[in-house]
Structure formats: C-alpha cells, structure tokens
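K.L.:
Residue numbers (this note's numbering): 282 to 353.
Note that beta-carbon positions come from the ideal geometry of N, C-alpha and C, so glycine has one too.
(1) Let me confirm a value: residue 320 is counted as buried when at least 16 other C-beta atoms fall within 10 Å, else exposed. Which label applies?
(2) Short check: CB of residue 316 to CB of residue 308, under 8 Å?
(3) Alpha carbon to alpha carbon, how far is residue 284 from residue 341? Give it in angstroms, no decimals.
(4) Excluding sequence positions up to five away, which residues of its chain have a Cβ less than 7 Å from the Cβ of residue 291?
(5) Thinking just about the alpha-carbon of each residue, which of 305, 322, 306, 304 is nearest to the one in residue 289?
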C-alpha cells in the first residue's frame, strides 16, 4: 500500500486514493471531493495500484518518447 493507490473501504461504501499516512496504522484516503479521511490500514483494500514492472516502465518511456517526437 502506497501513496497514489486506489482503495475501497471494507466496512462502508466508497473509497478514494491514498494521500498519505499518519503513523503506521492510519492511512489518509482522499475521496472524490478532495477530503482526506483518516482510516485504519486494516479497514481499506487496494483495488488498483501503480504497476512498476520492468515491461510497463519500458513501454511507458517508449510512449513518452514517441509523443515528444510527434510534437516536434
């Protein structure tokens, strides 16, 4: 679990993105309205995180280079 991951609440509806942490047991979940909701780490589940696999990073860099080349 890291900043930027999309999470859902386990005991209530809704979710958001992780905006930060308060200590090691509380995560700050930013909802769609921009409010940060302090929530115990064990009350959220990650539904989508950043993919830092080598293949994904290489593909992303190649796409960025193609876009830069197309702009010039």
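P.N.:
The structure says:
(1) buried
(2) no
(3) Rounded to the nearest angstrom, the gap between the Cα atoms of residue 341 and residue 284 is 20 Å.
(4) 324, 325, 326
(5) 322
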